[in-house]
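*Asks:* This structure is in structure tokens; I'll ask about it shortly.
4 protein chains.
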Amino acid sequence: MPLTMNREVFITCAVTGGGGTQDRSPHVPRSPEQIADSAIAAAKAGAAVVHCHVRDPETGAPSRDVKLYREVTDRIRASDTDVVLNLTAGMGGDMVFGDAESPLPINESASDMVGATERVAHVAECLPEICTLDCGTMNFAEADYVMTNTPGMLTAMGRMMTELGVKPEIEAFDTGHLWYAKQLVKDGVLEADALVQLCMGVPWGAPNDLNTFMAMVNNVPADWNWSAFSLGRDQMPYVAAAVLAGGNVRVGLEDNLMLDKGVLAENHQLVTRAVEIIERLGARVIGPEDVRKKLNLTKRAPKG
Amino acid sequence: MPLTMNREVFITCAVTGGGGTQDRSPHVPRSPEQIADSAIAAAKAGAAVVHCHVRDPETGAPSRDVKLYREVTDRIRASDTDVVLNLTAGMGGDMVFGDAESPLPINESASDMVGATERVAHVAECLPEICTLDCGTMNFAEADYVMTNTPGMLTAMGRMMTELGVKPEIEAFDTGHLWYAKQLVKDGVLEADALVQLCMGVPWGAPNDLNTFMAMVNNVPADWNWSAFSLGRDQMPYVAAAVLAGGNVRVGLEDNLMLDKGVLAENHQLVTRAVEIIERLGARVIGPEDVRKKLNLTKRAPKG
Amino acid sequence: MPLTMNREVFITCAVTGGGGTQDRSPHVPRSPEQIADSAIAAAKAGAAVVHCHVRDPETGAPSRDVKLYREVTDRIRASDTDVVLNLTAGMGGDMVFGDAESPLPINESASDMVGATERVAHVAECLPEICTLDCGTMNFAEADYVMTNTPGMLTAMGRMMTELGVKPEIEAFDTGHLWYAKQLVKDGVLEADALVQLCMGVPWGAPNDLNTFMAMVNNVPADWNWSAFSLGRDQMPYVAAAVLAGGNVRVGLEDNLMLDKGVLAENHQLVTRAVEIIERLGARVIGPEDVRKKLNLTKRAPKG
Amino acid sequence: MPLTMNREVFITCAVTGGGGTQDRSPHVPRSPEQIADSAIAAAKAGAAVVHCHVRDPETGAPSRDVKLYREVTDRIRASDTDVVLNLTAGMGGDMVFGDAESPLPINESASDMVGATERVAHVAECLPEICTLDCGTMNFAEADYVMTNTPGMLTAMGRMMTELGVKPEIEAFDTGHLWYAKQLVKDGVLEADALVQLCMGVPWGAPNDLNTFMAMVNNVPADWNWSAFSLGRDQMPYVAAAVLAGGNVRVGLEDNLMLDKGVLAENHQLVTRAVEIIERLGARVIGPEDVRKKLNLTKRAPKG
């Protein structure tokens, strides 16, 4: 079937991420307050969805502390600005081996491998509308590191998310991850109207060339919703690519620190840039209420 | 650039593999003698290259025993039938985690994770013309298993192969593996005229749909040689797909046990079937000497 | 959506064509008797559908003579061998201009441009189960010739075919022809479950490279049936390509005169070759009754 | 090979076109003065190339009058604003048939079919740096019309352009047109470093879906330069698509009359919109001198 440009686009802002970027830009938010504020500013600029990790407020190091997620969630929900909350569930699958001559024993201090229940504990606690599910295992641009999400782990986590009524956003970093996501739907672990994020150009997953991107887009089932992003200076090109191919977009400091060459970005500036591109392509940027309808999400009330 | 059918095709026969298939067909060769005999029969049927694993002669269980590789190599080289020898270097990267609630500690008895030197010890000993390099880390169709080849491990193993003068056959199970292989060439780890095997339809790598396959083919550099295969009943369709898209083919019991529905295959029968397809498409099956010229391989003399 | 190999394939044999091939092979059938006999032999070899043109029995020159079509039809229907009859409606749109300095006046003696009613007169007379509809205007490999089928002509002819209850087989020689065919369905000229032949590698339509082919396949609506072919030595490769991409196949002397290098073919030999390829890919060749069910065709009784 | 975004993009503004749009917007320039002024304003806004047709100054009807081309050329060259001049050579191949029952005689008053020398007379007179060559014959969205450019005509016109030292911009409206353009290079009619415009979404040529577009991009030879455009509200999306896929862009009133829904555009506004998109994607808009280097063009002095 022919592909049709998406004329009703939602923007996700990935506000801080789980990478070691906190020392490369002063704008990477660290504390729950900074993260919530940056998320709210992004929402004001046009992001319908905010995708949040948490960090140690002091060091900026990535964290899985449920209390930090709770605070981010409460602050965003307490705001006057409506936005769909999307929390990562990507952490807890970080495996670091010994060097090439001695892969075992693993590097325990650098690894963070925990069970499914612990990996979704903050999701159970905060009940965001969406949480992510990194749908495979792969190398990254580090010598001894593996992002580890086995089929068994994904089945367990996916089932928990479905039971919690939190929509999983499948992260597909390569074509095999998308294939397995479809298997999770077939297995009844995920619901039929799945949501997928095509993560392009993350070494060493799918490269960001358009032939590969189109192969992935052609493989997204017709009744799913999808979004796509790429990294660094390819972030804005992929805003356009995703819209043209019929999808939604993601920008934010998790994926790219720069607004222009030599100019560090803030999240809301990246969202504004995306809005400018989308509108010049002739599409409309939709807000959180439209996204909830599109994705069948239920808004949770602020804790009170 | 337009893609052009390959009219001079070489066939690789993957004679036994490293999977637990030995009890599913009596034709899966186990002992070095059986493996060598099956390889030679495949060569006589038209395979220019034989890709060999070794197995415990008694149990049929996959093995990394250098002595077994030595025997397979000697038997094949001593034969009157010329064939290019390709040994796997895929073993020694098998990681099995605990279950989804307790991924650590790893399941030591089920895992087989060794250093780079040990992973290529049989390659150094036997000096085959080609050995494989599984170019990434990914899930397979098992709940807790990960095929583990980190960037650090691949760099170390690739460098050893290049120094040994053994041509690595990059195994790309997904688009990111191909991307990283190109990085290994850029890094000077692999030589510029690389050889890649596109492994389609191996869960959970690249699915065997043609859009994905074409995206991968479009991403193979013009000065590389390539081959492709898929599994089970998709083995023969991918013989045709690879030839049509300009590549070479692989068949054999490693990837498929059946000749026809309900009929267990022998290796030489699968090669014969591939020859029949290739010739009916109007292409010619080339032999080991032509392959050595095409891939710049040097034939090693039998141990004497 | 992923593309899936077709495991229940029908073969169309295009037995004689409308090109000037009659003097290049003694096997190109000329008289109605020869054409019917060749069609029946093709059916016996495995063709479920025979696509027929007619020729002057003496000179072999392409013809639109209704009586010749009548005789071919009657002979095929009177045969013991069941086969779906597909008559061309491609003739009568041949335009030959003057040379590049004087395109007008047109070369009247070389042109054959007639009205819609006349172009489908033999279809109305013979009521084959299928007739072709060349869905556009394009250059061929001749300096001053244009195959001419304007939107107005296609609308008129398509409507007549639909009213006659004869299934049009849309011939799409390039991506724009397929686009217009979809417009004809939208306009209600053709029924929703259309049938399309992707004609690859006909100069100067779509080249026979796989990227272009896949783009066309991806654009065939899910509820259509389709087939594909290419010319000359690309005929057999496209048998495989069509099956792999989910379609049906066409072979025959209209598109290719050679069985092997230096060996002139007969129609039934080309069909046999196609059967051999299809079966080795693991698919089944289906017969005329299965095709009628698949395409919703009604078999017409022999004139009696 | 992977496709890479173009980070040094040139914009062509197609200022008035040859279609019957003059009564649908007051901004469609008609007189040579209006056309030149609009072209110059487009150049000031960032167009490195202006693609011009001429029109009857009174009625606005499309014209092939050499004097009008001469005046447009002189006015543009006399301007202080530098820009690469690209004149159409598309006119003179307009064939209109009688209706579907009587295609012949042709509708002489509606047709405009002239010889090659006459079709390039204004090119010989004005010696623009670029002129277009519509590389095939096809239907448009009119019942009885055919855009007619036979192989013989294209060979004759292409040879004249090459001899004049005017760079042909091949217009490929479908995949077969691109194929024939490559044949013209092989035949020595066009030079090896050809320039091609991929014309997407013009009924009934290539549809503007991305799979088809990528198939065409994948078929552009590596040593060619290329640009792409689509029509109406798809004009701006194709600015992004072309840049992402590695090409250059075309906008202007020839292809699209609207700036936004309900807002008629001027040429310079469409150029400004394209610049805004290109820059937000992280690419740079290059000027006429850079284009001349890239395309090996020689600037002609104003008539003096």
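Protein chains in written order, with our numbering: chain C, 1 to 304; chain Y, 305 to 608; chain X, 609 to 912; chain P, 913 to 1216. In this text, a Cβ means the ideal position worked out from N, Cα and C, and glycines have one as well.
Exposed or buried, which one is Ser717/X when buried takes at least 16 other CB atoms within 10 Å?
*Replies:* It counts as exposed.
*Asks:* From the DSSP secondary-structure annotation, give me the bridge partner or partners of Leu437/Y.
*Replies:* DSSP, once it has assigned bridges, lists Ile474/Y as partnering Leu437/Y.
*Asks:* Hey, quick one: how far does the beta strand (DSSP E) through Arg858/X stretch, first residue to last?
*Replies:* Residues 856-859.
*Asks:* For Asp398/Y and Met562/Y, what's the separation of their Cα atoms in angstroms?
*Replies:* Distance between the alpha carbons of Asp398/Y and Met562/Y: 26 Å.
*Asks:* How about Glu142/C: is its C-beta nearer than 9 Å to some C-beta of chain Y?
*Replies:* It does; some Cβ of chain Y falls within 9 Å.
*Asks:* Closer than 9 Å, CB to CB, is Ile894/X near chain P or not?
*Replies:* No, Ile894/X does not count as interfacial toward chain P.
*Asks:* Report the three-state DSSP secondary structure of Asp1178/P (helix, strand or coil).
*Replies:* It is Glu, not Asp, that sits at residue 1178/P in the sequence shown. It is coil, neither helix nor strand.
*Asks:* Considering Thr924/P, what are the terminal residues of the beta strand (DSSP E) in which it resides?
*Replies:* Thr924/P -> beta strand (DSSP E) spans 923-926.
*Asks:* Given a threshold of 16 other Cβ atoms within 10 Å of its Cβ, counted over all protein chains shown, does Ala445/Y qualify as buried or as exposed?
*Replies:* Per the 10 Å Cβ criterion, exposed.
*Asks:* Report yes or no: is there a C-beta of chain X within less than 9 Å of the C-beta of Leu1156/P?
*Replies:* No, because no Cβ of chain X sits closer than 9 Å to the Cβ of Leu1156/P.
*Asks:* Mind checking Ser25/C: buried by the 16 CB within 10 Å criterion, or exposed?
*Replies:* So Ser25/C counts as exposed.
*Asks:* Once the 5 residues before and after Leu431/Y are set aside, which same chain residues still bring their CB inside 7 Å of it?
*Replies:* Excluding residues within five positions, the ones whose Cβ falls inside 7 Å are Leu468, Val470, Arg604.
*Asks:* Spatial neighbours of Ser671/X within its chain, please: CB distance less than 7 Å, with the 5 preceding and 5 following residues excluded, ordered by chain position.
*Replies:* Closer than 7 Å at Cβ, skipping near neighbours: Val662, Arg663, Asp664.
*Asks:* Taking its Cβ as the centre, do 16 or more other Cβ atoms sit within 10 Å of Thr612/X, making it buried, or is it exposed?
*Replies:* So Thr612/X ends up on the exposed side.
*Asks:* Taking the Cβ atom as the reference point for each residue, do Glu266/C and Ala14/C lie within a distance shorter than 9 Å?
*Replies:* No, these two residues do not count as a Cβ contact at 9 Å.
*Asks:* Could you check the C-alpha separation between Ala732/X and Val521/Y for me, to the nearest Å?
*Replies:* Each residue's Cα considered, the two are about 47 Å apart.
*Asks:* Would you say Val264/Y and Val313/Y are within 9 Å of each other, going by their C-beta atoms?
*Replies:* Since the first residue shown for chain Y is 305 and the last is 608, residue 264/Y is missing from the structure and cannot be characterised.
*Asks:* Verify the CB distance criterion: does Thr479/Y have a CB-CB separation below 9 Å to chain X?
*Replies:* So no, Thr479/Y is outside the interface.
*Asks:* Okay, do the segment 581-601 of chain Y and the segment 638-656 of chain X touch, 3+ Cβ pairs below 8 Å being the bar?
*Replies:* The segment 581-601 of chain Y, when compared against the segment 638-656 of chain X, does not touch it at the 8 Å Cβ threshold.
*Asks:* Any beta-carbon of chain A closer than 9 Å to the one on Arg250/C?
*Replies:* Protein chains C, Y, X and P are contained in the structure displayed, whereas chain A is not.
*Asks:* Using the beta-carbon of each residue, which ones in chain Y are nearer than 8 Å to Leu772/X?
*Replies:* The premise fails here: Leu772/X is roughly 36 Å from chain Y at the closest Cβ pair, so nothing lies under 8 Å.
*Asks:* Output the distance between the C-alpha atoms of Arg43/C and Ala485/Y, rounded to the nearest integer angstrom.
*Replies:* The question names Arg, but residue 43/C is Ala in the sequence shown. Going from the Cα of Ala43/C to the Cα of Ala485/Y covers about 40 Å.
*Asks:* So, at 7 Å on beta carbons, what are the nonlocal neighbours of Val978/P in its own chain, with the 5 sequence-adjacent residues on each side left out?
*Replies:* Ala1033, His1034, Glu1037, listed in sequence order.
*Asks:* In angstroms with no decimal places, state the Cα-to-Cα distance between Val680/X and Asn819/X.
*Replies:* Cα to Cα, the separation comes out at about 38 Å.
*Asks:* If we ignore side chains and look at the alpha-carbon of each, how far apart do Ala460/Y and Asn1160/P end up?
*Replies:* Near 42 Å, if we compare the C-alpha coordinates of Asn1160/P and Ala460/Y.
*Asks:* So the candidates are Glu101/C, Val114/C, Arg233/C; which of them puts its Cα closest to the Cα of Asp403/Y?
*Replies:* The candidate whose alpha carbon is nearest that of Asp403/Y is Val114/C.
*Asks:* Pull up the distance between the alpha-carbon of Gly350/Y and that of Leu198/C, whole angstroms please.
*Replies:* Going from the Cα of Gly350/Y to the Cα of Leu198/C covers about 42 Å.
*Asks:* According to the neighbour-count rule (16 or more other Cβ atoms, all chains shown, within 10 Å of its Cβ), is Gly509/Y buried or exposed?
*Replies:* Per the 10 Å Cβ criterion, buried.
*Asks:* Do Ala215/C and Asn6/C have their C-beta atoms closer together than 9 Å?
*Replies:* No, the pair does not count as a contact, with Cβ atoms beyond the cut-off.
*Asks:* Rank Ala476/Y, Pro472/Y, Met465/Y, Glu433/Y by C-alpha distance to the C-alpha of Met138/C and give the top, closest one.
*Replies:* Among Ala476/Y, Pro472/Y, Met465/Y, Glu433/Y, the Cα nearest to that of Met138/C is on Ala476/Y.
*Asks:* Grouping DSSP H, G and I as helix and E and B as strand, with all else coil, what is Asp564/Y?
*Replies:* Reduced to three states, the DSSP call for Asp564/Y is strand.
*Asks:* So which residues of chain P does Tyr712/X contact, with C-beta pairs closer than 7 Å?
*Replies:* In the sequence as displayed, the identity of residue 712/X is Leu instead of Tyr. Under the 7 Å cutoff, chain P gives Met1025.
*Asks:* For the candidate residues Asp1167/P, Gln946/P, Pro1063/P, whose alpha-carbon lies nearest to that of Val754/X?
*Replies:* Checked all of Asp1167/P, Gln946/P, Pro1063/P; the closest Cα to Val754/X is Pro1063/P.
*Asks:* When the cut-off is 9 Å and only beta carbons count, does Gly813/X lie next to chain P?
*Replies:* Yes, contact with chain P.
*Asks:* Could you tell me the alpha carbon to alpha carbon distance between Ala228/C and Asp234/C, rounded to whole angstroms?
*Replies:* When rounded, the distance between both Cα atoms is 11 Å.
*Asks:* When you compare the CB positions of Arg888/X and His659/X, do they come within less than 9 Å of one another, or not?
*Replies:* Contact flag unset, no.
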